[in-house]
Amino acid sequence: MLRRVCLRSSGQVRADVVASGRPRVSLGSSKPLVHEGPPLEQAAAGDAPLDPLELYAAAIDASDYVAALAPLIRRAASEIGDLLDVGAGGGQLGAALSTPQMRFTAIEPSPTMRARLLRLPNPPTVLACGWESAAIANASHDTVLAATMPAVMEHAGEFLKRSRSWARRQVVWVVPAHHGPRGLCFAGCLPSAWHGEDETPGLDTTLRNLRPADRPHAIQFFDWTFTGVVPDVAKLARFLAGRLGWAPHDARCAQLHAHLVAQARPRNGAVCLEIPRRSAVLVWRK
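Structure follows, in structure tokens:
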């Protein structure tokens with residue numbers, strides 16, 4: 481029997497990211513989650529694969545990300561108007577900022593995320609491509625939004641130029657601003673010695689890749705909690721071990737599972753692990 485598990489972590493997209501070193505475990509029963517199934521290495525062969533993007537989108541559904549961020553963006557930016565959401569993912573933030581009377585367009589290359597976008601109550605017009613090849617007319621949207629996507633860090637200069645060309649009023653980026661990994665989904669649940677990622681805050685990388693003249697007009701910070709929802713801690717452990725390139729019989733696989741189990745605590749019918757996050761909202765005005 482699978483027990484529903486709510487792992488809370490400060491993840492980044494497209495990964496979970498540790499903001500302050502150690503996870504903060506939610507209060508509740510001290511009874512640990514027990515793996516009720518075959519041994520980890522035996523169960524792995526029959527696992528249905530986990531989709532990292534769907535894991536991340538489900539976590540955003542369960543977290544306070546949109547509740548914390550949408551009001552801040554509305555205060556920091558002028559009227560949203562026609563909205564272009566670049567790398568929209570599941571569209572939770574874009575949907576919270578858009579209004580039915582205004583144009584809402586999303587650029588999203590992932591078929592899984594496009595399916596999610598089309599299930600929104602007021603779905604956007606979806607372009608199935610990456611930002612580099614998107615056929616968007618200049619000055620076609622009032623606001624261009626990009627939240628926690630690699631381009632805002634890795635290709636900040638080029639991506640800002642494209643974002644500005646599409647915007648009539650403003651460009652809004654959301655960028656990780658904490659120390660922690662930014663690659664593997666749920667890497668924030670793991671010690672740095674295991675995930676081995678660069679833990680430089682994404683904001684530092686973004687600003688380093690922008691010319692001084694291209695610095696944003698405003699930067700505001702907000703704190704939130706990434707809440708990852710998975711059906712089974714043991715399956716998540718196998719997923720993470722596989723993404724780290726560990727063989728099924730690697731001794732670290734059992735250690736990883738035990739590491740997650742030790743942090744998980746039941747609460748309100750779920751099992752939760754909480755790690756705080758910090759992100760930055762960057763605004764450029766036209």
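Using my numbering, read the sequence shown as starting at 481 and increasing by one per residue.
All C-beta atoms, glycine included, are put in the ideal place defined by N, C-alpha and C.
All of these numbers come straight from a predicted model, not from anything done at the bench.
{"Item": "Distance, residue 580 Cα to residue 539 Cα", "Value": "25 Å"}
{"Item": "Runs of beta strand (DSSP E) wholly within the segment 550 to 587 (minimum 3 residues, chain order)", "Value": "563 to 566, 584 to 587"}
{"Item": "CA-to-CA distance, residue 714 to residue 724, given in whole angstroms", "Value": "15 Å"}
{"Item": "Under 9 Å between C-beta atoms of residue 644 and residue 652", "Value": "no"}
{"Item": "9 Å Cβ cutoff met for residue 696 and residue 741", "Value": "no"}
{"Item": "Residue 718 versus residue 707 - alpha carbon distance", "Value": "19 Å"}
{"Item": "Cβ-based burial, residue 628 [other Cβ within 10 Å; buried from 16]", "Value": "buried"}
{"Item": "Delimiting residues of the beta strand (DSSP E) encompassing residue 701", "Value": "698 to 705"}
{"Item": "At least 3 beta-carbon pairs within less than 8 Å: the segment 660 to 672 vs the segment 635 to 649", "Value": "no"}
{"Item": "Residue environment, residue 759, which counts as buried when at least 16 other CB atoms sit within 10 Å", "Value": "buried"}
{"Item": "Range of the contiguous beta strand (DSSP E) that encloses residue 653", "Value": "647 to 656"}
{"Item": "9 Å Cβ cutoff met for residue 687 and residue 636", "Value": "yes"}
{"Item": "Option in 662, 633, 567 with minimal Cα separation from residue 685", "Value": "633"}
{"Item": "CA-to-CA distance, residue 679 to residue 657, given in whole angstroms", "Value": "10 Å"}
{"Item": "Spatial neighbours of residue 587 in its chain, beta-carbon cut-off 6 Å, leaving aside the 5 residues before and after", "Value": "566, 607, 611, 614"}
{"Item": "CB contact flag (residue 639, residue 716, <9 Å)", "Value": "no"}
{"Item": "Own chain partners of residue 571 with C-beta closer than 7 Å, once the 5 adjacent residues on each side are dropped", "Value": "565, 586, 596, 597, 600, 604"}
{"Item": "Nearest residue (CA-CA) to residue 757, options 641, 535, 704", "Value": "704"}
{"Item": "Proximity below 9 Å, CB of residue 698 to CB of residue 624", "Value": "no"}
{"Item": "Bridge partner(s) assigned by DSSP for residue 605", "Value": "585"}
{"Item": "Anticipated Cβ contact below 8 Å, residue 548 with residue 702, distance rounded", "Value": "5 Å"}
{"Item": "Own chain partners of residue 709 with C-beta closer than 7 Å, once the 5 adjacent residues on each side are dropped", "Value": "486, 538, 539, 542"}
{"Item": "Buried/exposed call for residue 558, threshold 16 Cβ in 10 Å", "Value": "exposed"}
{"Item": "Beta-carbon proximity list for residue 442, same chain, < 7 Å, skipping 5 on both sides", "Value": "The requested residue 442 is not part of the displayed model; the chain covers only 481 to 766."}
{"Item": "For residue 550 and residue 700, believed in contact at Cβ under 8 Å, the rounded distance", "Value": "Rounded, the Cβ-Cβ distance is 13 Å, inconsistent with contact."}
{"Item": "Secondary structure of residue 627, DSSP reduced to three states", "Value": "strand"}
{"Item": "Beta-bridge pairing of residue 762 - partner residues as DSSP gives them", "Value": "653, 699"}
{"Item": "Backbone CA spacing between residue 739 and residue 568 [nearest angstrom]", "Value": "32 Å"}
{"Item": "Nearest neighbour of residue 626, chosen from 659, 677, 553 [CA to CA]", "Value": "553"}
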